[in-house]
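Residue numbers (the working numbering): 18 to 124. Note that CB positions come from ideal geometry on N, CA and C, so glycine has one too. Following: one structure in structure tokens, then a few remarks.
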Amino acid sequence: MKPLLSLLTVALFSTHLSAANLDIGEEINEVCAGCHGEYAEGGKEGEYPRLAGLSADYIERELRLFKSKERLNHPMVPYTKERELPEEDLLDVSAYIATIELYSKLP
């Protein structure tokens, strides 16, 4: 049963990533990198959180909360307006960031 569950998890994750355009996500991440770091490692001594290692689903959910103003975060307001971050871009950048693997743990 466990091998089947593992296979289904990988298949679902792969389908999710294949629906997104990782090249476009990488381009969008250049804006994110200004605060969160080039490799999503976090920035400014912890002022901006590390995103590397988070799942695409989690990043998508948080970005949607910022867009709807259900989670207010003043530095994110200019970047999460519909004109700045349409749904397709949100999916692309979330999927791209989820692929970033940092090989060392940061505090």
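Assumed close pair residue i, residue j - CB separation to whole angstroms, cut-off 8 Å
| i | j | result |
| --- | --- | --- |
| Ser111 | Glu58 | Actually they do not touch by this definition, with Cβ atoms about 17 Å apart. |
| Glu101 | Pro92 | Contact flag wrong, Cβ pair sits at about 13 Å. |
| Gly42 | Tyr120 | Rounded, the Cβ-Cβ distance is 21 Å, inconsistent with contact. |
Spatial neighbours of residue i in its chain, beta-carbon cut-off 8 Å, leaving aside the 5 residues before and after
| i | result |
| --- | --- |
| Ser72 | Ala115 |
| His53 | Gly59, Gly60, Tyr65, Pro66, Arg67, Leu68 |
| Asn90 | Phe83 |
Span of the alpha helix (DSSP H) around residue i
| i | result |
| --- | --- |
| Ser121 | That residue, Ser121, is in no alpha helix (DSSP H); it is neither H nor E in DSSP. |
| Ser72 | First-last for Ser72: undefined, no H or E at that position. |
| Ala50 | 39-53 |
7 Å CB neighbourhood of residue i in its chain, flanking five on each side removed
| i | result |
| --- | --- |
| Ile45 | Asp106, Asp109, Val110 |
| Leu82 | Arg88 |
| Glu56 | Note that residue 56 corresponds to Tyr in the displayed sequence, not to Glu. If we look at Tyr56 and ignore the five residues flanking it on each side, its Cβ neighbours are Ala69, Ile117, Leu119. |
Please give me, in chain order, every unbroken run of the beta strand (DSSP E) with length at least 3 that falls completely inside the segment 90-118. Along the segment 90-118, the beta strand (DSSP E) does not occur as any fully enclosed run of 3 or more residues.
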